[in-house]
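**Student:** Numbering (mature numbering (1 follows the signal peptide of the UniProt record, and there is no 0)), first residue to last: -29 to -1, 1 to 295.
Heads up, the beta-carbon is just placed ideally off N, CA and C, and yes, glycines get one too.
These figures come from a predicted structure and were not determined experimentally.
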């Protein structure tokens, strides 16, 4: 158990003493003040990068003396039940999750969901990019929409797994412009590299993914960026938002952290303070900039409300897509 009063005192003096000077109650192993980070995905993906970047920044800011990272593959629907049942009450633990898990839970009609864990903080959002091959006749997002309206079956779009953030964005675009979501031609790929190959080989008309997946090929001129799903224009990116392009859609593939069920109010408050302190550091800001993550910090009850509202939105679009 984290002692809230002592935690707050230690956080104030973190630059000098760090979590090594954090007075922890016996729930932590004696003499080993650290946190546990549970990543319900295989190493290397977005959630894993988030967990490991958190670990790096927390150490650099001397907010912890160490952490243990546990990976469990399976798009979240395998790891979440383990986190709920096996990590119950562990107040020094955080699970990384996000929008993709919400979609996977709904699409797979999973027995467990995020109402069973303890919301701590939304950390980052990664806006999506709508791209086409350089040779594409689509010069603007309006061109893409016109073709979609004319015959959506002739506009195959590559992206990540069915029901994931890429598919959800495609569904939202279609719904907004009046195209039935069930008529869309969506081509899911297991990895960004496969989707990129399909685009570069002109096997699909367009692609949707996180901007970072396409940025190098956009810079090289192999792909044309039609629009991004951010709330506003982004520095250094020469493309309109979807809203600017006349498509009233905004979407961030958000990521955040949750504590297990059964943690005390004091542990929850202390973890929120820990993550807030990390998220407001220069080191975290630098990492977000380097990784093209948009900081969208939201904590505690506000975060819980956001998760509930976003889950409802995702469920509605997955129903439109015939996936829920």
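Could you give the DSSP three-state label for residue 244: helix, strand or coil?
**Tutor:** Along the chain shown, one-based indexing puts residue 244 at 273. Residue state, collapsed to three classes: helix.
**Student:** Could you tell me the boundaries of the alpha helix (DSSP H) in which residue 299 lies?
**Tutor:** Because the chain spans -29 through 295 in this model, residue 299 falls outside it and cannot be assessed.
**Student:** Which residue wins for smallest C-alpha separation from residue 306, given the options 252, 76, 232?
**Tutor:** The chain is shown only over -29 to 295; residue 306 falls outside these bounds and no answer can be derived.
**Student:** Under a Cβ-count criterion, where at least 16 other Cβ atoms within 10 Å of its own Cβ denotes burial, should residue 224 be classed as buried or exposed?
**Tutor:** Residue 224 sits at position 253 when you count from the first residue of the chain shown. Under this definition residue 224 is a buried residue.
**Student:** Tell me whether residue 108 is buried or exposed, calling it buried when 16 or more other Cβ atoms sit within 10 Å of its Cβ.
**Tutor:** Locating residue 108 in the chain shown gives position 137, where the first residue counts as 1. Under this definition residue 108 is an exposed residue.
**Student:** Please classify residue 230 as buried or exposed, where buried requires at least 16 other C-beta atoms within 10 Å of its C-beta.
**Tutor:** Taking the chain shown and counting its residues from 1, the one referred to as residue 230 is at position 259. Flag for residue 230 reads buried.
**Student:** Would you list the one or two residues that DSSP bridges to residue 39?
**Tutor:** Counting from 1 along the chain shown, the entry for residue 39 is found at position 68. 7.
**Student:** Compute the beta-carbon to beta-carbon distance between residue 158 and residue 128, rounded to the nearest angstrom, for a pair I have assumed lies under 8 Å.
**Tutor:** Your numbering for residue 158 matches position 187 in the chain shown. Your numbering for residue 128 matches position 157 in the chain shown. Their Cβ separation, rounded to whole angstroms, is 7 Å, which keeps residue 158 and residue 128 in contact under 8 Å.
**Student:** Quick check: the stretch 111 to 118 against the stretch 64 to 81, are there 3 or more CB pairs under 8 Å?
**Tutor:** Not touching, per the Cβ criterion.
**Student:** Label residue 187 either buried or exposed according to how many other C-beta atoms from any shown protein chain fall within 10 Å of its C-beta, with 16 as the threshold for buried.
**Tutor:** For the purposes of this step, residue 187 is identified with residue 216 of the chain shown, where counting begins at 1. Exposed is the call here.
**Student:** Pick helix, strand or coil for residue 171, following the three-state DSSP scheme.
**Tutor:** The sequence position of residue 171 within the chain shown is 200, counting from 1. Correct three-state label for residue 171: helix.
**Student:** Is the beta carbon of residue 7 closer than 8 Å to that of residue 38?
**Tutor:** Numbered from 1 along the chain shown, position 67 holds the residue referred to as residue 38. Numbered from 1 along the chain shown, position 36 holds the residue referred to as residue 7. Their beta carbons are under 8 Å apart, which means residue 38 touches residue 7 by this criterion.
**Student:** For residue 260, is the classification buried or exposed, using 16 other Cβ atoms within 10 angstroms of its Cβ as the cut-off for buried?
**Tutor:** Stepping through the chain shown from its first residue, residue 260 is reached at position 289. Answer is exposed; the Cβ neighbour count stays below 16.
**Student:** For residue 103, which beta-bridge partners are listed by DSSP?
**Tutor:** Counted from its first residue, the chain shown places residue 103 at position 132. In DSSP, residue 103 forms a bridge with 195.
**Student:** Threshold first: 3 residues or longer. Then list the beta strand (DSSP E) segments lying entirely within the stretch 198 to 239, N to C.
**Tutor:** With a minimum length of 3 residues, the continuous beta strand (DSSP E) runs that stay inside the stretch 198 to 239 are 223 to 230.
**Student:** Please return the same chain residues whose Cβ sits closer than 8 Å to the Cβ of residue 209, not counting the five positions on each side in sequence.
**Tutor:** For the purposes of this step, residue 209 is identified with residue 238 of the chain shown, where counting begins at 1. Result list for residue 209: 196, in chain order.
**Student:** Inspect the beta-carbon positions of residue 144 and residue 71 and report whether they are closer than 8 Å.
**Tutor:** Walking along the chain shown from the start, residue 144 turns up at place 173. Walking along the chain shown from the start, residue 71 turns up at place 100. For residue 144 and residue 71, no; Cβs fall outside 8 Å.
**Student:** In three-state DSSP terms, what is residue 94?
**Tutor:** Here the question's residue 94 lines up with position 123 in the chain shown. Strand, per DSSP.
**Student:** For residue 159, write down the residues that DSSP places opposite it in a beta bridge.
**Tutor:** Position 188 of the chain shown, counted from the start, is the residue given in the question as residue 159. Answer is 130, bridged to residue 159.
**Student:** Give the straight-line distance between the Cα atoms of residue 234 and residue 56, rounded to the nearest whole angstrom.
**Tutor:** By one-based count along the chain shown, residue 234 stands at place 263. By one-based count along the chain shown, residue 56 stands at place 85. Straight-line Cα distance between these residues: approximately 13 Å.
**Student:** Can you tell me which of the three DSSP states residue 67 falls into?
**Tutor:** What you label residue 67 is simply residue 96 of the chain shown in a count that begins at 1. Note: residue 67 maps to strand in three-state DSSP.
**Student:** Compute the Euclidean distance between the alpha carbons of residue 277 and residue 50, then round it to the nearest angstrom.
**Tutor:** By 1-based counting over the chain shown, the position of residue 277 is 306. By 1-based counting over the chain shown, the position of residue 50 is 79. Distance between the alpha carbons of residue 277 and residue 50: 22 Å.
**Student:** For the alpha helix (DSSP H) containing residue 136, name the first residue and the last one.
**Tutor:** Walking along the chain shown from the start, residue 136 turns up at place 165. Unbroken alpha helix (DSSP H) run through residue 136: 136 to 148.
**Student:** Hey, quick one: how far does the beta strand (DSSP E) through residue 154 stretch, first residue to last?
**Tutor:** Position 183 of the chain shown, counting from 1, holds the residue named residue 154. Per DSSP, residue 154 belongs to no beta strand (DSSP E) and is neither H nor E.
**Student:** Roughly how many angstroms lie between the CA atoms of residue 19 and residue 42, to the nearest whole one?
**Tutor:** If you number the chain shown from 1, residue 19 lands on position 48. If you number the chain shown from 1, residue 42 lands on position 71. Each residue's alpha carbon lies about 8 Å from the other.
**Student:** Out of 62, 63, 59, 69, which has the shortest C-alpha to C-alpha gap to residue 12?
**Tutor:** Counted from its first residue, the chain shown places residue 12 at position 41. Ranking the options by Cα distance to residue 12, first place goes to 69.
**Student:** Can you list, in chain order, the residues of its chain with a C-beta nearer than 8 Å to that of residue 217? Leave out the 5 residues immediately preceding and following it.
**Tutor:** On the chain shown, residue 217 is found 246 positions in, with the first residue counted as 1. If we look at residue 217 and ignore the five residues flanking it on each side, its Cβ neighbours are 112, 113, 116.
**Student:** Which residue marks the beginning of the beta strand (DSSP E) containing residue 177, and which one marks its end?
**Tutor:** Stepping through the chain shown from its first residue, residue 177 is reached at position 206. Residues 177 to 181.
**Student:** Classify residue 48 as helix, strand or coil using the three-state DSSP reduction.
**Tutor:** Against the chain shown, residue 48 aligns to sequence position 77. Of the three classes helix, strand and coil, the one that applies to residue 48 here is coil, per DSSP.
**Student:** Give a yes or no on whether 8 Å exceeds the smallest Cβ distance from residue 14 to chain D.
**Tutor:** The structure shown contains no chain D; it is built from a single protein chain.
**Student:** Identify every residue that forms a DSSP beta bridge with residue 379.
**Tutor:** With the chain covering -29 to 295 only, the question about residue 379 has no answer from this structure.
**Student:** Once you ignore the five residues that flank residue 203 on each side, which residues in its own chain have a CB closer than 8 Å to its CB?
**Tutor:** Numbered from 1 along the chain shown, position 232 holds the residue referred to as residue 203. Around residue 203: 212.
**Student:** Would you mind stating whether residue 73 and residue 285 have Cβ atoms separated by less than 8 Å?
**Tutor:** By 1-based counting over the chain shown, the position of residue 73 is 102. By 1-based counting over the chain shown, the position of residue 285 is 314. Yes, these two residues count as a Cβ contact at 8 Å.
**Student:** If we count Cβ pairs, one from each stretch, closer than 8 Å, do we get three or more for the stretch 166 to 177 versus the stretch 96 to 107?
**Tutor:** They touch, by the three-pair rule.
**Student:** Go to residue 111, then tell me how far its alpha helix (DSSP H) extends in each direction, as first and last residue.
**Tutor:** For the purposes of this step, residue 111 is taken as the residue at position 140 of the chain shown. Neither: residue 111 is in no alpha helix (DSSP H) and is coded neither H nor E.
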